[in-house]
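A.B. asks: In our numbering, the protein residues as written are 28 to 338.
Every residue, glycine too, gets a C-beta built ideally from N, C-alpha and C.
Computed from a predicted model, the values in this text were never measured in an experiment.
Structure below; questions to follow.
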């Protein structure tokens, strides 16, 4: 009993104030990327957390990057050719869908807006979709949420703004994952006004930066974001869309960093990549089944939005 009490008291002290900078960086980065980040934010100042993580200054700011959509040449606008791949590594298992026709990809929002979210698979089945992944950031009914009843930012579907969190503000920029009328993936910080000008048809928001823009890798820190389950969307130069979902938060399989996501996408030829909500939300649905192993206590987590692929 004494040993247990001793470890409970001394472990946090060693973790946060001891000499183990690498372990501390991984722990803090991983926790900050979850909904429980407040456990650290209530104790440490932003400057202190930044020093512990030591990563923000090492990565490129998407505010400084202009995306050149002319570099994408869509080669497939008919049919529905999709390939599923699985990549097993020491720290994670990655599930990858390559979708040849980007015009088949649509955004969907929970039908229980303001009350509760829906499972990714449920939204996919209601849309008679062949594939789907969980979407962007969300909040719940209360201050701390939990039911995924409302998206963060805004949602665009079939060219129409179907949701905005705050008062309708067309000029406020949010970090987006979006598709325009030609099927080209749009990432980075954009306002609704800007997205309308480039004919965006489908869009949702997430707080984290894009990780590849115009073929340029944005993440330099190998531990960026810590180890967590991940969801991301990428696009190759020929228009092929990549859905990526990574499992984690298990004792022997913690997950992937944003750097890992970047490297996986780059190896598959992605030239633009945006990230979506990860953690317990990370879910991939394909051909009637959930393909990954969501780590929520009851299986699939409720989410507010998803991207799906029409049959």
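(1) Using 8 Å for Cβ pairs, my map puts residue 379 next to residue 232. What's the rounded Cβ distance?
(2) Taking the continuous alpha helix (DSSP H) assigned at residue 289, which residues delimit it?
(3) I need the boundaries of the alpha helix (DSSP H) containing residue 222, first residue and last residue.
(4) If you compare alpha carbons, which of 314, 157, 148 and 191 is closest to residue 166?
(5) Over what stretch of residues does the beta strand (DSSP E) that includes residue 149 continue unbroken?
(6) Using C-beta distances below 8 Å, list every residue in its chain close to residue 94, excluding the 5 sequence neighbours before and after it, in chain order.
(7) Any idea if residue 322 is buried or exposed, counting beta-carbon neighbours within 10 angstroms, 16 or more meaning buried?
(8) Would you call the CB atoms of residue 335 and residue 159 closer than 8 Å?
(9) In chain order, what residues of the same chain lie with their CB nearer than 6 Å to the CB of residue 84, ignoring the 5 residues before and after it?
(10) Work out the CA separation of residue 327 and residue 314 for me, nearest whole Å.
(11) For a test of the three-state rule: what should DSSP assign to residue 307, helix, strand or coil?
(12) Taking the C-alpha atoms as reference points, what is the distance between residue 161 and residue 135?
(13) Please classify residue 278 as buried or exposed, where buried requires at least 16 other C-beta atoms within 10 Å of its C-beta.
(14) Quick check on the burial criterion: 16 or more other C-beta atoms within 10 angstroms. Buried or exposed for residue 250?
(15) Going by DSSP, which residues form a beta bridge with residue 260?
(16) Could you check the C-alpha separation between residue 316 and residue 243 for me, to the nearest Å?
(17) Starting from residue 228 and walking both ways along the beta strand (DSSP E), at which residues does that stretch end?
(18) If distances are taken between C-alpha atoms only, which option among 330, 332, 329 and 318 comes closest to residue 346?
(19) What residues in its chain sit with their C-beta under 7 Å from that of residue 146, if we drop five residues either side in the sequence?
(20) For residue 123, which of 245, 312 and 332 has the nearest alpha-carbon?
(21) Excluding the 5 residues flanking residue 289 on each side, which residues of the same chain have their C-beta closer than 8 Å to its C-beta?
(22) Under the three-state reduction of DSSP, which class applies to residue 187: helix, strand or coil?
C.D. replies: Walking through what the data contain:
(1) Since the first residue of the chain shown is 28 and the last is 338, residue 379 is not available in this structure.
(2) As a working note, residue 289 is residue 262 in the chain shown. Its alpha helix (DSSP H) spans residues 285-294.
(3) Here the question's residue 222 lines up with position 195 in the chain shown. It spans 219-224 - the alpha helix (DSSP H) in which residue 222 sits, taken as one unbroken run.
(4) Numbered from its first residue, the chain shown carries residue 166 at position 139. It is 191 whose Cα lies nearest to the Cα of residue 166.
(5) As a first step, residue 149 must be located in the chain shown, where it is residue number 122. Unbroken run through residue 149 is the alpha helix (DSSP H), 147-153; no beta strand (DSSP E).
(6) For the purposes of this step, residue 94 is identified with residue 67 of the chain shown, where counting begins at 1. Around residue 94: 213, 214, 215, 240, 241 and 299.
(7) Your numbering for residue 322 matches position 295 in the chain shown. Residue 322 is buried by the Cβ-count criterion.
(8) Mapped onto the chain shown, residue 335 falls at position 308. Mapped onto the chain shown, residue 159 falls at position 132. Contact flag set, yes.
(9) Indexing the chain shown from 1 puts residue 84 at position 57. Low per-residue confidence applies at residue 84: pLDDT is 40, beneath 50, and the placement is therefore not dependable, though the value from the model is reported in the following sentence. Closer than 6 Å at the Cβ level, and outside the excluded window around residue 84, lies no residue.
(10) Numbered from its first residue, the chain shown carries residue 314 at position 287. Numbered from its first residue, the chain shown carries residue 327 at position 300. Answer to the nearest angstrom: the Cα atoms are 17 Å apart.
(11) Within the chain shown, residue 307 is the residue found at index 280, counting from 1. Three-state result, residue 307: helix.
(12) For the purposes of this step, residue 161 is identified with residue 134 of the chain shown, where counting begins at 1. For the purposes of this step, residue 135 is identified with residue 108 of the chain shown, where counting begins at 1. Rounded to the nearest angstrom, the two C-alpha atoms are 10 Å apart.
(13) Numbered from its first residue, the chain shown carries residue 278 at position 251. Per the 10 Å Cβ criterion, exposed.
(14) As a working mapping, residue 250 is identified with position 223 in the chain shown. So residue 250 ends up on the buried side.
(15) Locating residue 260 in the chain shown gives position 233, counting from the first residue. DSSP output for residue 260 lists 270 and 301 as bridge partner(s).
(16) Sequence index remark: in the chain shown, residue 316 carries index 289 (1-based). Sequence index remark: in the chain shown, residue 243 carries index 216 (1-based). When rounded, the distance between both Cα atoms is 34 Å.
(17) In the chain shown, the residue the question calls residue 228 occupies position 201. 227-232 is the span of the beta strand (DSSP E), which, as asked, contains residue 228.
(18) The requested residue 346 is not part of the displayed model; the chain covers only 28 to 338.
(19) Numbered from its first residue, the chain shown carries residue 146 at position 119. Excluding sequence neighbours, residue 146 sits near 327 and 329.
(20) Here residue 123 is taken as the residue at index 96 of the chain shown, counted from 1. Closest option to residue 123, Cα to Cα, is 312.
(21) Your numbering for residue 289 matches position 262 in the chain shown. The residues are 238, 239, 244, 245, 246 and 300.
(22) Mapped onto the chain shown, residue 187 falls at position 160. Residue state, collapsed to three classes: strand.
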